[in-house]
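Trainee: Residue numbers (my numbering), protein chains in the order written: chain A, 23 to 246; chain B, 3 to 225.
Ideal Cβ placement from N, Cα and C applies to all residues, glycine included.
Since the model is a prediction, treat every value here as computed from it, not as a measurement.
Got a structure for you, questions after.
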């Protein structure tokens, strides 16, 4: 009888553990979903507030030449910071996950944040004047992070394949840089090994959205 | 009830049903989209993701509070309010874009190595940016995302200026977060055979005097 109890307990424990794991996993997924919803709402609100401020500044600038001059300078700074939508000739780069190999290859077939970082850096080094990744504008403070196929850019929710990088700038220079077989070594190696997809094409007019997150620098003070 | 009224009621019911179905479809599709994007992520990565999203949402809340304060100031209609808001914004953006010297707390990372590449520097800068870097200088060269980092012989160049080892990377930002990131970087760097020495120190006031010259847009059209 005692053996029966022990066996029953063991069976129960073995049955409960996976279901608990599933419940715990689902709870984590729900948390992520809720946080992503809040994140999305906040970014929408920020875009709206920036629009309202822009309109109020325009009203003030219409009443004063000095304010108008100041606003023109700020507009230029905002454009360079990625706070203003822009368009122009450029390049679109598409990155897609490859084929999962054996378990030993791990997540190498997935597009990761380093891939996106490498593409964005290459484009900026070779003529890009503005870049967006899946509709998220890159700014002077942008950072990339993430794990296993997830790409987190600044305060946005994680992105996953397919990833579309759009760059406005010197189209020919950017195209040549992407076409250089010695560039993007990791991506090119995984193109061969895992069929990871890297494609790009030029366009006479591409659009970039305005940045919709935080550009706070609370620890920085201008030095005299 | 007239035939016309019955028909109108029927159409309204159909419209409401259609609307409900549409909303439900959008909701289900959007939830499936999120679930699909989270498939295959292990619980530890999900926990990190939750932590990142909490931090991100806090930063977005701070931005919203700042923007609301600016809006209130502008709506006040007080003389000079707009000029004040615009001047403060200009100062902040010049610092963000690396156009003016800045100071503040942070960390200084020193790396003495041979054979480090563009990717090594880009990874180091991205790690520090992910750790909340607000201003960065490498060997007296201001760096922001968008700086041209390239190879120059066996060395690395930032916006055309060659950076010879040792690299001194000065970073302003939250010293606690940056200290953690720098600590993790040290573990990696010290395991790298190319690295002769790597260290970091937290400082209460780092001065970055290097600046970037703003380039006018040649191809891009704002708006």
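Run the CB neighbour count on residue 186(B), radius 10 Å, all protein chains shown included, and call it buried at 16 or more, exposed below.
Mentor: One-based indexing of the second chain puts residue 186(B) at position 184. Exposed, because fewer than 16 other Cβ atoms sit within 10 Å of the Cβ of residue 186(B).
Trainee: In angstroms with no decimal places, state the Cα-to-Cα distance between residue 135(B) and residue 159(A).
Mentor: Indexing the second chain from 1 puts residue 135(B) at position 133. Indexing the first chain from 1 puts residue 159(A) at position 137. Cα to Cα, the separation comes out at about 18 Å.
Trainee: Does DSSP put residue 36(B) in a helix, in a strand, or in coil?
Mentor: Position 34 of the second chain, counting from 1, holds the residue named residue 36(B). Residue placement at residue 36(B) is flagged as unreliable, the pLDDT there being 49, under the threshold of 50; a coordinate-derived value is accordingly withheld.
Trainee: Is the beta carbon of residue 208(B) closer than 8 Å to that of residue 111(B)?
Mentor: Indexing the second chain from 1 puts residue 111(B) at position 109. Indexing the second chain from 1 puts residue 208(B) at position 206. Going by C-beta atoms, residue 111(B) is not nearer than 8 Å to residue 208(B).
Trainee: Between the C-alpha atoms of residue 36(B) and residue 151(B), what's the straight-line distance to the nearest angstrom?
Mentor: Residue 36(B) sits at position 34 when you count from the first residue of the second chain. Residue 151(B) sits at position 149 when you count from the first residue of the second chain. Only weak support exists for where residue 36(B) lies, its pLDDT of 49 falling under 50; the coordinates are left without a value.
Trainee: Taking all protein chains shown into account, do 16 or more other C-beta atoms lie within 10 angstroms of the C-beta of residue 17(B), making it buried, or fewer, making it exposed?
Mentor: On the second chain, residue 17(B) is found 15 positions in, with the first residue counted as 1. Looking at its Cβ environment, which holds fewer than 16 other Cβ atoms inside 10 Å, residue 17(B) is exposed.
Trainee: Excluding the 5 residues flanking residue 132(B) on each side, which residues of the same chain have their C-beta closer than 8 Å to its C-beta?
Mentor: By one-based count along the second chain, residue 132(B) stands at place 130. Once the five neighbours on either side are set aside, the close Cβ partners of residue 132(B) are 183.
Trainee: What does the Cβ neighbour count give for residue 72(B), buried or exposed, with the cut at 16 atoms within 10 Å?
Mentor: Against the second chain, residue 72(B) aligns to sequence position 70. Per the 10 Å Cβ criterion, buried.
Trainee: Taking the beta carbon of residue 32(B) as the centre, do at least 16 other beta carbons fall within 10 Å, making it buried, or is it exposed?
Mentor: The residue given as residue 32(B) occupies position 30 in the second chain. Because the pLDDT of residue 32(B) is 49, which lies under 50, any placement of that residue in the model is unreliable, and the number read from its coordinates should be weighed accordingly. With fewer than 16 other Cβ atoms within 10 Å, it is exposed.
Trainee: Please give the ranges of any alpha helix (DSSP H) in the region 87-146 of chain B, keeping only runs that are unbroken, at least 4 residues long and fully inside the region.
Mentor: The qualifying runs are 120-132.
Trainee: Would you mind telling me which residues of chain B sit closer than 9 Å to residue 106(A), beta carbon to beta carbon, in chain order?
Mentor: Looking up residue 106(A) in the first chain gives position 84. Correct list: 224, 225.
Trainee: Taking the alpha carbon of residue 179(B) as the point to measure from, which residue in 198(B), 159(B), 203(B), 190(B) has its own alpha carbon closest?
Mentor: Here the question's residue 179(B) lines up with position 177 in the second chain. The candidate whose alpha carbon is nearest that of residue 179(B) is 203(B).
Trainee: Does residue 257(B) have its Cβ less than 8 Å from a Cβ in chain A?
Mentor: Past the edges of chain B, shown from 3 to 225, lies residue 257(B), and the structure says nothing about it.
Trainee: Checking contacts by CB at 8 Å: is residue 68(B) closer than that to chain D?
Mentor: You won't find chain D in this structure, because its protein chains are A and B.
Trainee: Is there a Cβ from chain B that is less than 8 Å from the Cβ of residue 166(A)?
Mentor: In the first chain, the residue the question calls residue 166(A) occupies position 144. It does: the Cβ of residue 166(A) has a partner Cβ on chain B nearer than 8 Å.
Trainee: Using 8 Å as the Cβ pair cut-off and three pairs as the minimum, do the region 204-216 of chain A and the region 90-97 of chain B touch?
Mentor: The region 204-216 of chain A vs the region 90-97 of chain B: no contact.
Trainee: I want to verify the contact list: residues of chain A whose CB lies under 8 Å from the CB of residue 136(B), in sequence order.
Mentor: Numbered from 1 along the second chain, position 134 holds the residue referred to as residue 136(B). Ordered by position in chain A, the residues that pass the 8 Å Cβ test against residue 136(B) are 163, 239, 240, 241, 242.
Trainee: Considering just the uninterrupted stretch of the alpha helix (DSSP H) at residue 184(B), what are its terminal residues?
Mentor: Along the second chain, read from residue 1 onward, the residue named residue 184(B) stands at position 182. Where residue 184(B) is concerned, the enclosing alpha helix (DSSP H) stretches over 177-192.
Trainee: Report yes if the CB atom of residue 99(B) is closer than 8 Å to the CB atom of residue 139(A), and no otherwise.
Mentor: Residue 99(B) sits at position 97 when you count from the first residue of the second chain. Residue 139(A) sits at position 117 when you count from the first residue of the first chain. Cβ atoms of residue 99(B) and residue 139(A): not closer than 8 Å.
Trainee: List the residues of chain B that residue 185(A) touches, going by C-beta distances under 9 Å, in chain order.
Mentor: In the first chain, counting from the first residue as 1, residue 185(A) sits at position 163. Here the premise fails: no neighbours, minimum Cβ distance about 12 Å.
Trainee: Which residues, in order along the region 69-93 of chain B, keep a beta-carbon less than 8 Å from a beta-carbon of chain A?
Mentor: The residues in question are 69, 70, 72, 73, 76, 77, 83, 84, 85, 87, 88, 89, 91, 92, 93.
Trainee: Within its chain, find whatever has a CB closer than 8 Å to the CB of residue 217(B); leave out the 5 residues flanking it on each side and keep chain order.
Mentor: Here residue 217(B) refers to the residue found at position 215 when the second chain is read from its first residue. Around residue 217(B): no qualifying Cβ.
Trainee: For residue 225(A), which beta-bridge partners are listed by DSSP?
Mentor: The sequence position of residue 225(A) within the first chain is 203, counting from 1. According to DSSP, which records beta bridges pairwise, residue 225(A) is partnered with 112(A).
Trainee: Could you give the first and the last residue of the continuous beta strand (DSSP E) run that contains residue 198(B)?
Mentor: Translated into positions along the second chain, residue 198(B) becomes position 196. Unbroken beta strand (DSSP E) run through residue 198(B): 197-210.
Trainee: Just the C-alpha distance for residue 229(A) and residue 110(A), rounded to the nearest angstrom, thanks.
Mentor: To locate residue 229(A), count along the first chain from 1; it is residue 207. To locate residue 110(A), count along the first chain from 1; it is residue 88. Going by the C-alpha atoms only, they are around 7 Å apart.
Trainee: Look at residue 236(A) and residue 61(B) and say whether their C-beta atoms are less than 8 Å apart.
Mentor: Taking the first residue of the first chain as position 1, residue 236(A) is located at position 214. Taking the first residue of the second chain as position 1, residue 61(B) is located at position 59. Yes, these two residues count as a Cβ contact at 8 Å.
Trainee: What does residue 64(B) touch in chain A if you count any residue whose Cβ is under 7 Å from its own?
Mentor: Residue 64(B) sits at position 62 when you count from the first residue of the second chain. Within chain A, the residues near residue 64(B) are 236, 238.
Trainee: Quick check on DSSP: helix, strand or coil for residue 202(A)?
Mentor: Counting from one through the first chain, the residue named residue 202(A) turns up at place 180. Three-state DSSP puts residue 202(A) in coil, outside helix and strand.
Trainee: Could you give the DSSP three-state label for residue 166(A): helix, strand or coil?
Mentor: As a working mapping, residue 166(A) is identified with position 144 in the first chain. In the structure shown, residue 166(A) sits in a strand (DSSP, three-state: E or B).
Trainee: Which residue comes first and which comes last in the alpha helix (DSSP H) that contains residue 127(A)?
Mentor: Reading the first chain from its first residue, position 105 is the one you call residue 127(A). Element bounds for residue 127(A): n/a, residue is neither H nor E.
Trainee: Looking at chain A, which residues of the region 173-187 of chain B have a Cβ within less than 7 Å of any of its Cβ atoms?
Mentor: The region 173-187 of chain B vs chain A, Cβ under 7 Å: 174, 175, 176.
Trainee: Residue 108(A) and residue 152(A): beta carbons closer than 8 Å?
Mentor: Position 86 of the first chain holds residue 108(A). Position 130 of the first chain holds residue 152(A). In this structure, residue 152(A) lies closer than 8 Å to residue 108(A) by Cβ.
Trainee: Taking 7 Å as the limit between beta carbons, can you name the residues of its chain near residue 157(A), skipping five residues before and five after?
Mentor: Here residue 157(A) corresponds to residue number 135 of the first chain, with the count starting at 1. Around residue 157(A): 231.
Trainee: So does the region 43-63 of chain B actually touch the region 169-187 of chain A, counting three or more Cβ pairs closer than 8 Å?
Mentor: Segments in contact, yes.
Trainee: Counting only Cβ-Cβ distances shorter than 7 Å, please list the residues of the region 111-136 of chain B near chain A, keeping chain order.
Mentor: Cβ contacts with chain A come from 124, 128, 131, 132, 136.
Trainee: Residues of the region 174-199 of chain A with a CB closer than 9 Å to any CB of chain B: list them in chain order, please.
Mentor: Of all residues in the region 174-199 of chain A, 174, 176, 177, 178, 179, 180, 181, 182, 190, 191, 192, 193 have a Cβ within less than 9 Å of some Cβ in chain B.
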